[in-house]
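Under the numbering used here, the first residue of the sequence shown is numbered 2, with each subsequent residue one higher. Notes follow once the structure below has been shown.
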Amino acid sequence: MHYVTTKRGRLGAVIQGCLIDIDAASSALGLAVLCPDIWSLLDSPKNVQDEFEKLANMAYVKNVACVSYMPELVGSPLPQLRRNVFCIGKNYADHALEIADKMGISADLPKYPIVFSKATNTLIGPLDTIPLHEGVTGKIDYEGELALVIGKAGINISKQDAWSHIFGFSCYNDVSARDLQKRHNQWHLGKCLDGFGPMGPAITPTYGKPLSEDTRLTCKVNGELRQDATLAQMIFDIPTLIATLSAGITLEVGDVIATGTPAGVGMGFNPMRFLAPGDEVEVAIDGTLPLINRLALA
């Protein structure tokens, strides 16, 4: 089960390659529309979410309001963000090492999670074009990441309870302007240009259960494999990240947490391999739908 937002802004589900328009399915089956959009689903209690999932499965079994899934039929699963995205820096050891000298930062592995944020203006969806921002940056890089979506608010969440607060996960691309990132002491400007946060195409629920450490994340540029890692390679695992971020800070429903990128970013190559106009970037994670975007043409 994968939850998506259709181009019409409606909540949809993807099951075994079939895209179900939940609004149309509800009408055809003579049932009430429990959740018209993704935010109403996230804000609903668990019993409503369970009923929604039953409706989606019923529509799939009966082949009601189902079409073949294609990424051009959906947008970002979250059409808008309520808050900035929480991002984790240097959370894979090989990536921390590959960028250290090029960013002029220490090669030492962090003792605690490094946290920054990406502003809400960065969000775009699958197949949306990543802007070039000519005259602002000339060194655009990709960072394939696993993003988490919070499903239950909480503060001072323990590691043991972390997964019970997570609704699901999604593919994310922490697009970065490396020249701006290096120029300024803080990373905010280099990370927050408009359209520099592709996400989706789906949020795949985890049902309170941890993802396997063998879950694989890959990122390809024009079909060439650049990044390839498993969650086991994270320096700080997901329960640690949730506990750290929620220490004295309330995590709200719908908050997005980008958990860090592995080695293989463009800056890490010698010579560096930044994105060129028209380049296609695909981020894929086991168990959810892949995210594809292109950099704008000059």
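Glycine residues also receive a C-beta, built at the ideal position from the N, C-alpha and C atoms. Predicted model only: the values in this text are computed from it and were never measured.
DSSP places Y173 in the uninterrupted beta strand (DSSP E) bounded by 167 to 174. Note on the stretch 234 to 266: whole beta strand (DSSP E) runs with a minimum of 3 residues are 257 to 259, in chain order.
Comparing alpha-carbon positions, the option among S45, C88, I21 lying closest to L56 turns out to be I21. T6 has L12 as its beta-bridge partners, per DSSP. When the beta-carbon positions are compared, T241 and K183 stay at least 8 Å from each other. In the assembly as shown, V266 is a buried residue. Its beta-carbon has 16 or more other beta-carbons within 10 Å. Within the same chain, S118, K119, A120, T121 come within 8 Å of N85 by CB-CB distance, once the 5 residues on both sides are set aside.
By the neighbour-count criterion, in which a residue is buried when 16 or more other Cβ atoms sit within 10 angstroms of its Cβ, V62 is exposed.
L74 is the residue among V254, S27, L74, L226 whose C-alpha sits nearest the C-alpha of V15. Per DSSP, the continuous alpha helix (DSSP H) segment holding R184 begins and ends at 179 to 184.
As summarised for the stretch 20 to 103, the continuous alpha helix (DSSP H) elements at least 4 residues long and confined to that stretch are 23 to 30, 39 to 44, 47 to 63, given in chain order. K119: member of the beta strand (DSSP E) spanning 115 to 119, first to last residue. Non-local C-beta neighbours of L98 in its own chain, meaning closer than 8 Å and more than five positions away in sequence, comprise A108, A264, ordered along the chain. The three-state secondary structure of G269, taken from DSSP, is helix.
Less than 8 Å separates the beta-carbon of C220 from that of V284. For the 8 Å CB-CB criterion, G261 and N92 form a contact. One Cα belongs to R227, the other to S165, and the distance between them is close to 33 Å.
Residue pairing by DSSP places L296 opposite I131 in a beta bridge.
Beta-carbon to beta-carbon, E146 and A259 are separated by about 5 Å, close enough to satisfy the 8 Å threshold.
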